[in-house]
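Numbering (my numbering), first residue to last: -12 to 151.
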């Protein structure tokens, strides 16, 4: 809803438009935050709108490898329930679990070899997050093959998760 658009500004949210000049500026802004010993929160799978984890986008792994930052996995479950509950003037149940710090990551090489390493880093980051969520929310990182397929479909077509 339009009236909620001021919330991201309160927390210093940086919008990402993948594949554009803005995405490169976003990466530079993220690196600047980390260089100043700031805290940077990222949804590696590109958002919290789905009820299940999807495979990561490469940006988080790229930033982690370039910055040498240690990572703190946080599993957040129930965010999609917030807006539905808000519309009914009720509170949604959101669970936040914090794991143990890990990293930093080192990625070497160029081209395809580097991209494959970044993919591995991304999946490792997601595994750390998945262990903090209930099985039914782990999606691509869970044990249910049907859930893994759904996560892949949502990663490719996000509007499916939004009911579109």
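The C-beta atom is built at its ideal place from N, Cα and C for all residues, glycine as well. What you are looking at is a predicted structure, and each value in this text was computed from that prediction instead of being measured.
Classification of residue i by the beta-carbon crowding that lies within 10 angstroms, buried from 16 upward
i: residue 85; result: exposed
i: residue 19; result: exposed
i: residue 83; result: exposed
i: residue 12; result: exposed
i: residue 143; result: exposed
i: residue 107; result: exposed
i: residue 105; result: buried
i: residue 42; result: buried
Rounded distance between the beta-carbons of residue j and residue i, thought under 8 angstroms
i: residue 78; j: residue 72; result: 6 angstroms
i: residue 44; j: residue 31; result: 7 angstroms
i: residue 125; j: residue 117; result: 5 angstroms
i: residue 58; j: residue 89; result: 6 angstroms
The beta strand (DSSP E) enclosing residue i, as first and last residue numbers
i: residue 62; result: 61 to 64
i: residue 84; result: 82 to 85
Those residues which DSSP pairs with residue i across a bridge
i: residue 58; result: 89
Residue range of the unbroken alpha helix (DSSP H) whose run includes residue i
i: residue 67; result: 67 to 74
i: residue 103; result: 98 to 117
i: residue 43; result: First-last for residue 43: undefined, no H or E at that position.
i: residue 132; result: 132 to 143
Proximity of residue i and residue j at Cβ, strictly below 8 angstroms
i: residue 14; j: residue 50; result: yes
i: residue 114; j: residue 127; result: no
i: residue 62; j: residue 27; result: no
i: residue 69; j: residue 81; result: yes
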